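Line order of the protein sequences matches chains A, B and C. Using UniProt numbering, you'd call the opening residue of the first sequence number 1 and step up by one each time. Using UniProt numbering, you'd call the opening residue of the second sequence number 1 and step up by one each time. Using UniProt numbering, you'd call the opening residue of the third sequence number 1 and step up by one each time. One structure below.
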Amino acid sequence: MKKNWKKILLGGVVLSMSMLVLAGCGSKSSSSSSDSSSTQNIKVWIDTEHVAAIKGQVKKFEKANPKIHVTVKAGSSADALKDVSKDPEKAADVFMMPHDQIGQMADAGLLYPVSKKYTKTVKANNVQSAIDGVTWKNKVYGFPYGVESQVLYYNKAKLSADDVKSWDTLTSKGKLGTNFAEAGANYIFTPLFMSNGDNLYGKNGETVKGTNFNNEKGIQVLDWIAKQKSNSGVVQTNAAALSNLQSGKTDAFLSGPWSKNDVKKALGKNMAVAPYPTVNFGSGDVQMKAFLGVKVYGVNQQTKSPVAAMKLANYLSNEATQKVEFNKNGVVPSNIKAQGLQAVKDDETAKSVMTMSASDHSVVMPKVPEITNFWPQMDSIINDTYKGKIKSSDYQKKLDKVVSVSAKKSN
Amino acid sequence: MAKKEINYKAQKKRTKLLVYAILTIMSVVWLFPIVWIVLNSFREEGGAFVPYIIPKHFTLSNYAKLITDASGNYPFVRWFVNTLIVSVCTCVLSTFITISMSYALSRLRFKLRRPFLKVALVLNMFPAFMSMIAIYYILKALNLAGSLLALILVYSAGAALTFYVAKGFFDTIPMALDESAMIDGANKWQIFTKITLPLSKPIIVYTALTAFMGPWMDFIFAKIIMGDDVKNYTVAIGLYSMMTQTTANSLFMTFTAGCVLIAIPITLLFIYMQKYYVEGVTSGAVK
Amino acid sequence: MFKKYSTEQHITFRELFMKGGLPEKLSFIIMGFSNFANKQILKGLIFLVAEVGFLFWLIRNGIHALAMLQTLGTKKQGLVYNSKLGMDVLQKGDNSMLILLFGIAAILICIVLVVLYIVNLKSARHIFELKAAGKPLPTAKDDLKSLLNERFHQTLMTVPLMGVLFFTILPLLYMISIAFTNYDHNNLPPKNLFTWVGFHNFSNVITGDIASTFFPVLGWTLVWAVVATVSCFFFGVILALLINTKGIKLKKMWRTIFILTMAVPQFISLLIMRNLLNDAGPVNAILKSWGWISKSIPFLTDPTMAKFSIIVVNLWIGIPATMLITTGIIQNLDQEQIEAAVMDGANKFQIFRSITFPQILFVMMPSLIQQLIGNINNFNVIYLLTGGGPTNSNYYGAGSTDLLVTWLYNLTVNTMDYNLASVIGILIFILSAVFSLWAYTHTNSYKEG
Numbered sequence: 001m002k003k004n005w006k007k008i009l010l011g012g013v014v015l016s017m018s019m020l021v022l023a024g025c026g027s028k029s030s031s032s033s034s035d036s037s038s039t040q041n042i043k044v045w046i047d048t049e050h051v052a053a054i055k056g057q058v059k060k061f062e063k064a065n066p067k068i069h070v071t072v073k074a075g076s077s078a079d080a081l082k083d084v085s086k087d088p089e090k091a092a093d094v095f096m097m098p099h100d101q102i103g104q105m106a107d108a109g110l111l112y113p114v115s116k117k118y119t120k121t122v123k124a125n126n127v128q129s130a131i132d133g134v135t136w137k138n139k140v141y142g143f144p145y146g147v148e149s150q151v152l153y154y155n156k157a158k159l160s161a162d163d164v165k166s167w168d169t170l171t172s173k174g175k176l177g178t179n180f181a182e183a184g185a186n187y188i189f190t191p192l193f194m195s196n197g198d199n200l201y202g203k204n205g206e207t208v209k210g211t212n213f214n215n216e217k218g219i220q221v222l223d224w225i226a227k228q229k230s231n232s233g234v235v236q237t238n239a240a241a242l243s244n245l246q247s248g249k250t251d252a253f254l255s256g257p258w259s260k261n262d263v264k265k266a267l268g269k270n271m272a273v274a275p276y277p278t279v280n281f282g283s284g285d286v287q288m289k290a291f292l293g294v295k296v297y298g299v300n301q302q303t304k305s306p307v308a309a310m311k312l313a314n315y316l317s318n319e320a321t322q323k324v325e326f327n328k329n330g331v332v333p334s335n336i337k338a339q340g341l342q343a344v345k346d347d348e349t350a351k352s353v354m355t356m357s358a359s360d361h362s363v364v365m366p367k368v369p370e371i372t373n374f375w376p377q378m379d380s381i382i383n384d385t386y387k388g389k390i391k392s393s394d395y396q397k398k399l400d401k402v403v404s405v406s407a408k409k410s411n
Numbered sequence: 001m002a003k004k005e006i007n008y009k010a011q012k013k014r015t016k017l018l019v020y021a022i023l024t025i026m027s028v029v030w031l032f033p034i035v036w037i038v039l040n041s042f043r044e045e046g047g048a049f050v051p052y053i054i055p056k057h058f059t060l061s062n063y064a065k066l067i068t069d070a071s072g073n074y075p076f077v078r079w080f081v082n083t084l085i086v087s088v089c090t091c092v093l094s095t096f097i098t099i100s101m102s103y104a105l106s107r108l109r110f111k112l113r114r115p116f117l118k119v120a121l122v123l124n125m126f127p128a129f130m131s132m133i134a135i136y137y138i139l140k141a142l143n144l145a146g147s148l149l150a151l152i153l154v155y156s157a158g159a160a161l162t163f164y165v166a167k168g169f170f171d172t173i174p175m176a177l178d179e180s181a182m183i184d185g186a187n188k189w190q191i192f193t194k195i196t197l198p199l200s201k202p203i204i205v206y207t208a209l210t211a212f213m214g215p216w217m218d219f220i221f222a223k224i225i226m227g228d229d230v231k232n233y234t235v236a237i238g239l240y241s242m243m244t245q246t247t248a249n250s251l252f253m254t255f256t257a258g259c260v261l262i263a264i265p266i267t268l269l270f271i272y273m274q275k276y277y278v279e280g281v282t283s284g285a286v287k
Numbered sequence: 001m002f003k004k005y006s007t008e009q010h011i012t013f014r015e016l017f018m019k020g021g022l023p024e025k026l027s028f029i030i031m032g033f034s035n036f037a038n039k040q041i042l043k044g045l046i047f048l049v050a051e052v053g054f055l056f057w058l059i060r061n062g063i064h065a066l067a068m069l070q071t072l073g074t075k076k077q078g079l080v081y082n083s084k085l086g087m088d089v090l091q092k093g094d095n096s097m098l099i100l101l102f103g104i105a106a107i108l109i110c111i112v113l114v115v116l117y118i119v120n121l122k123s124a125r126h127i128f129e130l131k132a133a134g135k136p137l138p139t140a141k142d143d144l145k146s147l148l149n150e151r152f153h154q155t156l157m158t159v160p161l162m163g164v165l166f167f168t169i170l171p172l173l174y175m176i177s178i179a180f181t182n183y184d185h186n187n188l189p190p191k192n193l194f195t196w197v198g199f200h201n202f203s204n205v206i207t208g209d210i211a212s213t214f215f216p217v218l219g220w221t222l223v224w225a226v227v228a229t230v231s232c233f234f235f236g237v238i239l240a241l242l243i244n245t246k247g248i249k250l251k252k253m254w255r256t257i258f259i260l261t262m263a264v265p266q267f268i269s270l271l272i273m274r275n276l277l278n279d280a281g282p283v284n285a286i287l288k289s290w291g292w293i294s295k296s297i298p299f300l301t302d303p304t305m306a307k308f309s310i311i312v313v314n315l316w317i318g319i320p321a322t323m324l325i326t327t328g329i330i331q332n333l334d335q336e337q338i339e340a341a342v343m344d345g346a347n348k349f350q351i352f353r354s355i356t357f358p359q360i361l362f363v364m365m366p367s368l369i370q371q372l373i374g375n376i377n378n379f380n381v382i383y384l385l386t387g388g389g390p391t392n393s394n395y396y397g398a399g400s401t402d403l404l405v406t407w408l409y410n411l412t413v414n415t416m417d418y419n420l421a422s423v424i425g426i427l428i429f430i431l432s433a434v435f436s437l438w439a440y441t442h443t444n445s446y447k448e449g
């Protein structure tokens, strides 16, 4: 048997390659300097639709801070957790994200807590609900730049402002296109439980064992959802909501400020906006609630230049930028002063969102990490209840399961 | 007798008509989605969902939007070039690798050949999602993450385990050819290059075609490697990134235009090469 | 001629050490020494460089990487207040995930070196034996030459196998290891460390509360894989027979029509199908406008209907490939055999049943098995068409149409329970591996290889 010449070669190559791998890994774990003398490079992830608006603001920021160089890249705020956790070192220094990912991202060490100085700024300039949204375990983890909640868009030609004040008149006089039966129903209809007095993760939204849907009131809500199946004023619509609105198949639609321009396209001058109606679960009219979301700039904990990154995040969430975002993308400001601008006050959608953002109209979306267990469970229960797949005698059992799953720490 | 003949003929004609009818119906079903994509790419009005098939207004602006990249976020031409580079390189490398592997495993005899065949069979059966993150970090350690080279490397590395079809083909070439050449004093390298390869055109084309098409279709793994490097995206990641929740409605027609543009070269290639493709797959066991 | 396995007797390494001279003895410590002593400079150099490089790496990174593997890290990432900057500053800690990955890489490197070390000893022994027999030693040129002949397989396979080692085996080992850790949404790096937990996750999946999701999903995965594979095969063969019916004109055109669909990337055709079959999509719209239905058919939103739709859409994707291959087989059929059968009075159906079909089955068997395995792992169709939906209140993190593999994807991307995902991955792996090895050893089509 001859010697394996080639195996030797192979071994050599493999060894050197592997050493490259390991050397590469070894040398990474070194510095995280916050050197402020030379030029600092900051990368920021912006939702594609917002890139144009933000680029202008970034230019102004760079002019004011010549030592900071900012690269704007298109990102996806909804995937912030996924994208940042894949490789925090390569992720952006500053990124857009929804506030409900703050809990999980902070616990995983992906978010930089906002420094004392900026914490004061954030608290001084924003509405309370936005501050609640970015606070996690008594620390502020992000810079709010907008609030959003679902509102009721409707067709003025078919429904009057009085008609849309209660669910019953709304669905008896017109047709509401909404989604009970498909994925995503959890976002729209979970707050029904809170409308009826139940809690999701406690009153503050941070108590892991604070969900109490499995009571009398919770069953009332499921009963009500099951009844909507036979309500001819409720049309199950998901992806086609906008085209249904346009074709006149439906007259109203629950969605957030992000749909404003699309609805305008669909309804033209007949577009009207209102806060959510009241709803009757059997014991009198109560305000139908929605989830309140806060749009946030997060700072990556692994950033090489935390000072510069926070400066930028602060700039991108200040009054001036919020004004630009409102004008160009319809983002409803979280900044108190920006909310007071005449243009914002005159905007019907913004006005409704601002009404909705008060605590009697909405619930700040909880940010406990355990909510990832809760979502799919809730989604399927709303879907199945609406479709009549769950017997009313099983409601208690299903809600018990939701509550136990929602508090599950680990598997 | 004559009557029977006529009956037989009539029946044959009926059968033929029936076959034509079935084929026509099936063709319509198969072509419908494709025609619909093409029609959508010329549609001017509406969003992702419209309750009709034929657009009310035809336009070329979807294509124009794609090619000029007015928004600066979707550099389609660049993506197209990237994909072309990746797929050509992958095609060359993986064809080389697959053919080498399958030839060695089919024609040469060495220790551990049979165990290796079995191990290779099952190695690819692990769901790839979590290994993707691992591969990403390996590439990052090699300083390659986010580059086209990384894609080429990974796609080609995968080719080492996809040798079964080609091996089946080589198995059918008679050993006698090799033996007579060896008697004439040829070494194995010469047998491989001068005798086996010239006989293997169908399988080479098949392998190359399969390898070439891969990069046009992969949207998950490529995205993990590329991350936020939009300029290095391939068309598959790029087009898929247009279909996020917030953009799906407004960019749907642009998306279909992109689909048409990438389907054209692959379709042409496929139609042109289908003869070899069939031979490559079947000849392994037919002869 | 091809079976030249060495049958000669070698002395053991212990004998080599006892009997050999200084160069042989030193080869046990300094790799390649015997080659140097016998003027095989190049070869000796490669051994030596490998050893020195390895030791250098071992001291610099290797020992650390291997030692960390035991605990997967002990130092947590933290924030320390820096009064100069007026803010917290990051103190990096250990990253369990990277420790695990590169620890496994380090083990692989050690294995490679052990292999090299044995090769080195064999080389020393070979030199020793040749010299004892009084034969000339091969020169570097001889060695290179043999790479194109006796050891041609090494020339062909080395580079590809390197790729396999780094891009398939290493990630695979990493993935398998995760199943034995508590890498879930409560222990996400970089801030948190995760550690070894033994078989805890397995018992959780098989008997714990995850089991109520696992077994139904497994059931649907198997049903789907079998139905999808068999239906594509069956209808593909029928289509090929139709096109190849005697007297049908424009055969090539018909074929091309169906082949068109193979050339459209799957993610496109599936996204389009999803749109077409939407409750508000064109298909429902047309049926309504024709007055065939009054309410939208819930193609993808009703659990049973969705399963059915998925299988039908999969037919759309899968039939052309089978058709193409079957056509190739039909055209290559032994015509004499068929004519002989006709002479004997066999009708068309009999010919099909006893000649055509067995041949098709024989040729297609390996690809059918591959398709079956592929369907067990068919991510695209489910993910792009229904995303696993519609939701199912009885499951944990899965929908009614989720396969094991898409559920696994959800677990990594949405709930970030990597450990559970890995367990499911291992179970899928065992399932497919056992099946395909069984098929490999029990079907005729594989036997000749």
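Where a beta carbon is used, it is the ideal one built from N, C-alpha and C, also for glycine. Keep in mind the model is a prediction, meaning the values are calculated, not measured.
V164 (chain A): which of A:V273, A:K137, A:E319, A:N179 sits nearest, CA to CA? Minimum Cα-Cα distance from V164 (chain A) among the listed residues A:V273, A:K137, A:E319, A:N179 corresponds to A:V273.
In this structure, how does DSSP classify S392 (chain A) when only helix, strand and coil are distinguished? Reduced to three states, the DSSP call for S392 (chain A) is helix.
Classification of A340 (chain C) by the beta-carbon crowding that lies within 10 angstroms, buried from 16 upward: Around the beta carbon of A340 (chain C), a 10 Å sphere encloses fewer than 16 other beta carbons of the protein chains shown; the residue is thus reported as exposed.
With the cut-off set at 8 Å, would you say A104 (chain B) and F252 (chain B) are in Cβ contact? Result no, Cβ atoms of A104 (chain B) and F252 (chain B) do not sit closer than 8 Å.
Listed by chain order, chain C residues near V307 (chain A) by CB distance under 8 Å: Chain C residues near V307 (chain A): L85, M87.
Within 8 Å, do at least three Cβ pairs link the segment 203 to 217 of chain B to the segment 69 to 89 of chain B? With contact defined as three or more Cβ pairs closer than 8 Å, the segment 69 to 89 of chain B and the segment 203 to 217 of chain B are in contact.
If I measure Cβ to Cβ from T171 (chain A) and keep anything under 7 Å in the same chain, skipping five residues before and after, which residues do I get? Once the five neighbours on either side are set aside, the close Cβ partners of T171 (chain A) are N231, G233, V234.
Near-chain A residues of the segment 171 to 201 of chain C - C-beta to any C-beta below 9 Å: Cβ contacts with chain A come from N182, D184, H185, N186, N187, L188, P189, P190, K191, N192, N201.
Just reading off the beta strand (DSSP E) that N155 (chain A) is part of, what are its end residues? Where N155 (chain A) is concerned, the enclosing beta strand (DSSP E) stretches over 151 to 155.
If I'm right that S334 (chain A) touches V44 (chain A) with Cβ under 8 Å, what's the distance once you round it to whole angstroms? Contact flag wrong, Cβ pair sits at about 19 Å.
Let me know if residue 318 (chain B) comes out buried or exposed under the rule of 16 or more other beta-carbons within 10 Å of its beta-carbon. With chain B represented from 1 up to 287, any question about residue 318 (chain B) goes unanswered, as that position is not in the structure.
Compare the C-alpha of K141 (chain C) against each of C:I248, C:L172, C:L42, C:F258 and name the closest. Checked all of C:I248, C:L172, C:L42, C:F258; the closest Cα to K141 (chain C) is C:L42.
So the candidates are C:G328, C:M273, C:V423, C:I238; which of them puts its Cα closest to the Cα of R353 (chain C)? Among C:G328, C:M273, C:V423, C:I238, the Cα nearest to that of R353 (chain C) belongs to C:I238.
Ignoring anything shorter than 4 residues, give me the alpha helix (DSSP H) runs that lie fully in the segment 128 to 186 of chain B, in order along the chain. Restricted to the segment 128 to 186 of chain B, the alpha helix (DSSP H) segments that are unbroken, complete and at least 4 residues in length are 129 to 141, 148 to 158, 164 to 172, 175 to 183, listed in chain order.
Reduced DSSP category for K73 (chain A) - H, G, I as helix; E, B as strand; rest coil: Reduced to three states, the DSSP call for K73 (chain A) is strand.
Anything in chain A within Cβ reach of G47 (chain B), meaning under 8 Å, just list it in chain order. When 8 Å is used as the limit between beta carbons, G47 (chain B) is near these residues of chain A: L242, S243, D262, in chain order.
Quick one: does V403 (chain A) have its CB under 8 Å from some CB of chain C? Not closer than 8 Å to any Cβ of chain C, the Cβ of V403 (chain A) fails to qualify, so no.
So with CB distances below 7 Å, who are the chain A contacts of G73 (chain C)? Simply none; closest approach about 11 Å.
Could you tell me whether the segment 105 to 114 of chain A touches the segment 297 to 310 of chain A, where touching means 3 or more Cβ pairs closer than 8 Å? Because the criterion of three Cβ pairs below 8 Å is met, the segment 105 to 114 of chain A and the segment 297 to 310 of chain A touch.
Over the uninterrupted alpha helix (DSSP H) stretch that includes I210 (chain C), give me the two end residues. First-last for I210 (chain C): undefined, no H or E at that position.
Cutoff 8 Å: D279 (chain C) Cβ touching any chain A Cβ: Taking 8 Å as the CB threshold, D279 (chain C) lines the interface with chain A.
If you follow the beta strand (DSSP E) that Q301 (chain A) is part of, which residue opens it and which one closes it? Here Q301 (chain A) belongs to no beta strand (DSSP E), and DSSP marks it neither H nor E.
Strictly under 8 Å for the Cβ-Cβ distance: is A148 (chain A) near chain B by that measure? Looking at the sequence provided, one finds Glu at residue 148 (chain A) rather than Ala. By this cut-off, E148 (chain A) is not an interface position.
Taking the alpha helix (DSSP H) that K43 (chain A) belongs to, which residues open and close that run? K43 (chain A): not part of any alpha helix (DSSP H); member of the beta strand (DSSP E) spanning 40 to 47, first to last residue.
Check whether Q219 (chain A) and F180 (chain A) have beta carbons under 8 Å apart: The sequence given here places Ile at residue 219 (chain A); Gln does not occur at that position. No. Outside cutoff.
Helix, strand or coil, according to DSSP, for E45 (chain B) in the structure here? In the three-state reduction of the DSSP assignment, E45 (chain B) falls in the coil class, being assigned neither a helical nor a strand state.
What first and last residue would you give for the alpha helix (DSSP H) that runs through A208 (chain B)? Per DSSP, A208 (chain B) is one residue of the alpha helix (DSSP H) stretching across 201 to 217.
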